[in-house]
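Residue 70 in my numbering sits at position 65 of the sequence shown, with consecutive numbering throughout.
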Amino acid sequence: MGKLSTFAAAAASATALVALAGAPADAAGAAYNTRQLTLTANPTAGMPNACVSRQIFLATGTYKWSQVLDGARVPSREIYLAAGTYTWDDCLVTRDGYYNQYSHLTKAGSSTATLADTSELRLSGTHTFGSELDPRF
6 MGKLSTFAAA AASATALVAL AGAPADAAGA AYNTRQLTLT ANPTAGMPNA CVSRQIFLAT
66 GTYKWSQVLD GARVPSREIY LAAGTYTWDD CLVTRDGYYN QYSHLTKAGS STATLADTSE
126 LRLSGTHTFG SELDPRF
């Protein structure tokens, strides 16, 4: 009887472990599309833009979409996205003496979503830019 009770206890423990492992997880954490680069203090409109791009599968739901510039997370907006694979692009666009930052999410068959910081970003040195998608579900 001792072996049978030991086996039953082990089976119960294994069943509990499998049930725990199979429990649904909370929504994933934030996703990032960022790049670090060194910027010149005096860009001109003819200089190449700096961009970073990736493909990402997103679940249906509302996200907080924020641009990243070093530690800052502005501008931001709430955006509802349908499930699917998106192309996620972030660019620093060179202007005469400053930069603008643009973020785009594109899904086939849907219009492109845009997040733009059109303030005159006067930057030099090494910076991290891009954007962040933080699920709100």
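Each residue gets a CB set at the ideal place from its N, CA and C atoms; glycine is no exception.
Residue interval of the beta strand (DSSP E) (run including residue i)
i, result
"residue 67", "66-74"
"residue 79", "Where residue 79 is concerned, there is no enclosing beta strand (DSSP E), given that its DSSP letter is neither H nor E."
"residue 45", "First-last for residue 45: undefined, no H or E at that position."
"residue 124", "118-126"
Same chain, Cβ closer than 7 Å to residue i, five either side skipped, listed in chain order
i, result
"residue 140", "32, 33, 66, 68"
"residue 129", "44, 45, 46"
Reduced DSSP secondary structure (H/G/I, E/B, other) of residue i
i, result
"residue 53", "coil"
"residue 139", "strand"
"residue 87", "coil"
"residue 34", "coil"
"residue 97", "strand"
"residue 107", "strand"
"residue 113", "coil"
"residue 102", "coil"
"residue 58", "strand"
"residue 28", "A caution first: residue 28 carries a pLDDT of 28, below 50, which makes its placement in the model unreliable, though a value can still be read off. Of the three classes helix, strand and coil, the one that applies to residue 28 here is coil, per DSSP."
C-alpha gap between residue i and residue j, whole angstroms
i, j, result
"residue 47", "residue 131", "14 Å"
"residue 89", "residue 80", "24 Å"
"residue 133", "residue 50", "21 Å"
"residue 86", "residue 53", "31 Å"
"residue 59", "residue 120", "16 Å"
"residue 101", "residue 82", "28 Å"
"residue 94", "residue 42", "16 Å"
"residue 44", "residue 76", "17 Å"
"residue 115", "residue 135", "22 Å"
Contact set for residue i: own chain, Cβ-Cβ below 6 Å, skip 5 residues either direction
i, result
"residue 137", "35, 37, 71, 73"
"residue 96", "54, 56, 107"
"residue 126", "103, 104"
Proximity test, Cβ basis, 7 Å: residue i and chain C
i, result
"residue 127", "Looking for chain C here will not work: only one protein chain is present."
8 Å CB neighbourhood of residue i in its chain, flanking five on each side removed
i, result
"residue 91", "60, 61, 62, 63, 110, 111, 112"
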